[in-house]
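In our numbering, the protein residues as written are 28 to 285. Contents: one structure, followed by commentary.
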Amino acid sequence: MVILSAHKISFTYRETSVITDISFEISSGEFVGLCGKNGSGKTTLLKCLGNILTPEGIVKLNGVDITSITPKIRAQKIGYVPQSIHGRIARSVFDAVLMGRLPYITWGVSSQDIHIVEQVMEQLGLIPFADRDMFEISGGERQKALIARAIAQQPDILLLDEPTANLDLYHQLEVMDVLTHLVQKSNLTAVMAVHDLTLAMRYCSRILLINDHHVIQDGSPHEILSPDLIREVYQVDAYISSDGGVPHIVPIRASIGA
28 MVILSAHKIS FTYRETSVIT DISFEISSGE FVGLCGKNGS GKTTLLKCLG
78 NILTPEGIVK LNGVDITSIT PKIRAQKIGY VPQSIHGRIA RSVFDAVLMG
128 RLPYITWGVS SQDIHIVEQV MEQLGLIPFA DRDMFEISGG ERQKALIARA
178 IAQQPDILLL DEPTANLDLY HQLEVMDVLT HLVQKSNLTA VMAVHDLTLA
228 MRYCSRILLI NDHHVIQDGS PHEILSPDLI REVYQVDAYI SSDGGVPHIV
278 PIRASIGA
């Protein structure tokens, strides 16, 4: 079932085209990677899908124009994880994650809200940081708290902007394994802007590859990624290895003059 669709989406910033005439549909339970080099428009497209930016064209959530959905209902359906935060959103890590329950809170925080927050924090290893100030923990732990906040919303769709960018290798795998589990077991849909193609190959069921403001390839990682395409988009000579049964990209050199 199609849960999110974009029809002829374009966005211009200060007379500069960022994304142009992009259309696609995403079904429930997909884990989609938005890939492309820096400045390709991944974050802009992600924000357009969440109605954080208003593009030309139409974004539909469950067949309904997203601009006609109330902010409260939209927040119950879509969770957004930014690359970073600017300014204080909450004093403690627990309070930051609890903010994910705001779309459901009417008269006060319920025991169910507390249970959901504690459960998500346990999944992401955040219980030891519950009472710590959000700006007294590492950037990686803070990023995990933002992911936990979005998961605590219990949305149908997660929009994630480089969710592993501030994490070490262990925590990258930890977070991606949790997200994959949610997608597979809860029929959650995830759309992730990601520059790491190896991470996308390992975890995403589908990749939208963006270049020159357009989606130039759309399909499973194994169908669309090739050394020639990587050279075209990233100007890098590389080969794709499947040692150990897990595909990964091995860069060789920058393609100078490509």
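Each residue gets a CB set at the ideal place from its N, CA and C atoms; glycine is no exception.
Sequence-distant Cβ neighbours of L80 in its own chain, meaning closer than 8 Å and more than five residues away, are F38, T71, K74. Distance from the CA atom of K99 to the CA atom of P130, rounded to whole angstroms, is 5 Å. With a cutoff of 7 Å on beta-carbon distance, V45 and G60 are scored as not near each other.
Residue range 69 to 76 is occupied by the alpha helix (DSSP H) that includes C75. Under the three-state reduction of DSSP, P248 is assigned to helix. Contact between V120 and R159 holds: their C-beta atoms lie close to 5 Å from each other, under 8 Å. Distance between L200 and Q150, taken at the CA atoms: about 13 Å. With respect to the 7 Å criterion, Q244 and I251 are classified as neighbours on the basis of their beta carbons. Counting only residues of its own chain and dropping the five nearest sequence neighbours on each side, A102 has a CB closer than 6 Å to the CB of P130.
In this structure Q211 is exposed. Its beta-carbon is surrounded by fewer than 16 other beta-carbon atoms within 10 angstroms.
By the Cβ rule, the segment 184 to 193 counts as touching the segment 213 to 229, because three or more pairs are nearer than 8 Å. Three or more beta-carbon pairs separated by less than 8 Å are not found between the segment 160 to 169 and the segment 129 to 147, which leaves the two stretches without contact. Assigned with DSSP and collapsed to three states, I100 falls in helix. Following the DSSP letters along the chain, one finds I46 inside the beta strand (DSSP E) bounded by residues 43 to 54. Contact between G246 and R229 does not hold, since their C-beta atoms are separated by about 16 Å, which reaches or exceeds 8 Å.
For I30, the number of other beta carbons within 10 angstroms of its own is at least 16, and it is reported as buried.
In the DSSP assignment, I30 forms no beta bridge with any residue.
For T81, the secondary structure class from DSSP, reduced to helix, strand or coil, is coil. Non-local beta-carbon contacts of E57 in its own chain, meaning distances under 6 Å to residues more than five positions away in sequence, involve T216, S232, R233 in chain order.
Excluding sequence positions up to five before and after Y266, its CB lies within less than 8 Å of the CB of P254, I276, V277, I279, all in the same chain and listed in chain order.
Inclusion of C62 and L196 in the CB contact set at 7 Å is not warranted, their separation being larger than that value. Inclusion of T97 and H240 in the CB contact set at 7 Å is not warranted, their separation being larger than that value.
Annotation: the continuous alpha helix (DSSP H) that includes S213 extends over 196 to 213.
Annotation for H275: the continuous beta strand (DSSP E) segment containing it runs 275 to 281.
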